[in-house]
Amino acid sequence: MTAFGSLVHWKLIPLYLALPFIILLVKHAVEAIYNLFFHPLRKYPGPRMWAASGLPRTIQRTRGVEMWVRLEAHKKYGPVIRMAPNELSWIEPGVWKDVWAHRQGQEEFPKHEMDRIRHPNGRYGIFSAERADHSRYRRLLSYAFSEKGMREQQPHILGYVDLLIKDLKEVAGEGPQDMVKWFNFTTFDIIGKLAFGQDFSCLTEKKMHPWIAMIFGNVKSIVLLGTIKRLGLEWVLPYIASSDQLAARIYNHNFTSDMMTNRVARGTNQHDFWDNVIAHIDKKTGMSFDEMVSNAANLVLAGSETTATLLSGCLHLLMTNPAALAKVTEEIRSAFTSDDQIDLFSTSQLPYTLAVLEETMRIYPPAPTQTNRSVPAGGALVQGQHLPAGTTIALSQYIANHYPKYWTKPESFIPERFLGAEEFKNDCFDVMQPFSVGPRNCIGRNLAYAEMRLILCRVLWNFDVDRVIREGEKEWFDQKTYIL
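For the working numbering, count along the sequence shown from 1 and bump the result up by 271.
Now the structure itself:
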């Protein structure tokens with residue numbers, strides 16, 4: 272090789288090194304042009320950067336600010352916006368019927384793959400299961416969430432609420448109490464008893480169980496996992512997972528399996544979620560042990576932190592609205608002469624209390640966004656508009672509940688709006704579906720409502736509450752949102 276040839280060769284090395292990045296840049300540029308000018312969703316409004324690339328949404332989601340950013344976009348562009356090249360954020364009330372409701376004889380809008388999380392044993396729980404499995408799970412679990420099932424479970428639930436009140440009376444003289452902590456202790460002990468057959472000893476030990484702490488710590492990881500799946504990079508997970516993450520996954524599997532092994536050994540007649548399931552465990556239409564484990568983990572997550580979050584938000588909103596606090600306290604104390612009269616069912620006849628909880632769910636929904644749905648094969652009509660197969664549709668409950676065109680004074684806590692007050696007659700109540708709709712709506716809706724009523728009423732019957740503001744404390748609603 273001549274000296275000149277060798278020199279040219281060495282000069283090309285930087286180009287060779289840069290070539291993969293140049294190709295990647297050109298690829299993204301071509302994709303952006305296609306997304307902006309040729310994509311089937313190009314007619315839908317929204318920020319141009321969002322239409323060009325999914326990167327802005329990925330950044331918002333991983334930072335926990337997606338809900339707030341999207342709400343501002345909806346205020347500017349309207350009830351349907353393009354939040355990513357192939358994704359629409361759609362908050363019109365009719366979308367519930369078109370996308371989430373029963374579709375007799377038609378393929379359902381499946382959950383987006385990024386939202387489907389497997390248990391470490393490889394099984395999908397009721398949140399993510401395929402249609403046939405989901406129907407089977409729901410049929411087996413439905414008795415536990417019926418009125419008869421709830422009446423059987425009531426002694427368990429009342430026992431933990433009694434313990435909460437006892438503990439609060441013991442510490443009331445010690446100074447301000449963190450009610451977020453106490454509500455979480457209570458709801459996790461209740462759901463532990465009902466979903467695993469034994470509680471987590473949160474109320475007796477006055478601290479969170481290590482498994483619960485691990486679940487809380489994994490919320491961001493679930494979002495990150497969904498983002499990695501969205502980018503088609505799931506294959507890298509075994510290479511980037513830390514030893515701590517792998518250990519946590521093994522611990523999660525072993526803990527849930529051990530808990531369910533103990534529960535199955537106790538058989539039926541335990542008055543929890545599993546009596547009917549265990550009665551059918553050996554039948555073809557029953558649930559396998561691994562399916563029970565994955566469903567138990569799902570039920571614990573859905574039936575604990577969400578209820579505690581709602582109660583915490585409710586107490587905060589009441590304490591910052593003294594007139595509403597006085598009114599709901601008066602209603603509760605007038606309805607019952609002793610707190611042992613307060614149970615899951617007696618609290619259903621308190622109109623202002625129910626309105627307080629409804630208004631809390633509007634302002635501060637514990638699950639601010641529903642899982643994304645994908646348009647099935649062949650495409651489908653949504654609000655009279657044909658969408659191609661594979662299009663992702665998201666309906667954020669938080670965004671819909673704060674959209675100014677749907678609500679009078681959307682940022683104000685006014686329970687009277689749910690009691691027929693004339694000022695709010697034009698509010699769009701149909702868009703508010705905190706427990707979703709259709710075949711995959713929340714199976715525990717009735718139990719969740721009853722538990723919220725019970726705990727709120729017992730606390731306000733026994734205690735006068737007031738807010739303590741600590742120096743440097745952030746505004747309550749200045750929170751990041753990932754899943755819950």
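Glycine included, C-beta positions come from ideal geometry on N, C-alpha and C.
What does the alpha-carbon distance come out to for the pair E358 and H310? Cα to Cα, the separation comes out at about 11 Å.
Could you check whether I670 and M338 sit closer than 9 Å to each other, using their CB atoms as the reference points? Yes, the pair counts as a contact, with Cβ atoms nearer than the cut-off.
Short of 6 Å in beta carbon distance, which residues of its chain neighbour N455, apart from the five on each side in sequence? Order them along the chain. A579, listed in sequence order.
Pair every Cβ in the region 625-644 with every Cβ in the region 376-385, then say whether three or more of these pairs are closer than 8 Å. Touching, per the Cβ criterion.
Out of I428, N540, M531, point me to the one whose CA is closest to M558's CA. Considering only alpha carbons, the answer is M531.
Going by the beta-carbon positions, is the gap between F380 and P647 smaller than 9 Å? Yes, Cβ-Cβ distance for F380 and P647 is below 9 Å.
Assess contact between the region 693-705 and the region 727-739, defined as three or more Cβ pairs (one per stretch) separated by less than 8 Å. Is contact present? Segments in contact, no.
Evaluate V442 with the Cβ neighbour count: other Cβ atoms within 10 Å of its Cβ, from every protein chain shown; 16 or more gives buried, anything less gives exposed. Classification of V442: exposed, given that the 10 Å Cβ count is below 16.
Express the C-alpha separation of L465 and F560 in angstroms, rounding to a whole number. The alpha-carbon separation between F560 and L465 amounts to approximately 17 Å.
Give the DSSP bridge partners of S360, in chain order. Per DSSP, I352, A665.
Does the Cβ of P447 have 16 or more other Cβ atoms within 10 Å, making it buried, or fewer, making it exposed? By the 10 Å Cβ count, P447 comes out exposed.
Quick one: using the 10 Å Cβ neighbour count with 16 as the cut-off for buried, is N566 buried or exposed? It counts as buried.
Have a look at D543 and P391 and give me their C-alpha separation to the nearest angstrom. Cα to Cα, the separation comes out at about 24 Å.
Helix, strand or coil for Q331, going by three-state DSSP, please let me know. Judged by DSSP in its simplified three-state form, Q331 adopts helix.
What does the alpha-carbon distance come out to for the pair I284 and R374? In this structure, the CA atom of I284 is about 59 Å from the CA atom of R374.
For P350, I'd like the list of residues in its chain whose CB is within less than 6 Å of its CB, leaving aside the five on either flank, ordered along the chain. Result list for P350: I362, E363, in chain order.
Start and end of the alpha helix (DSSP H) containing L727? In the DSSP assignment, L727 falls within the alpha helix (DSSP H) that extends over 716-733.
Local Cβ density within 10 Å of I740, reported as buried at 16 or more and exposed below that: Burial state of I740 is exposed, judged by a 10 Å Cβ sphere holding fewer than 16 other Cβ atoms.
In angstroms with no decimal places, state the Cα-to-Cα distance between F459 and L572. Near 9 Å, if we compare the C-alpha coordinates of L572 and F459.
Could you check which residue in W678, K555, P318 has the C-alpha nearest to that of R341? Minimum Cα distance to R341 is reached at P318.
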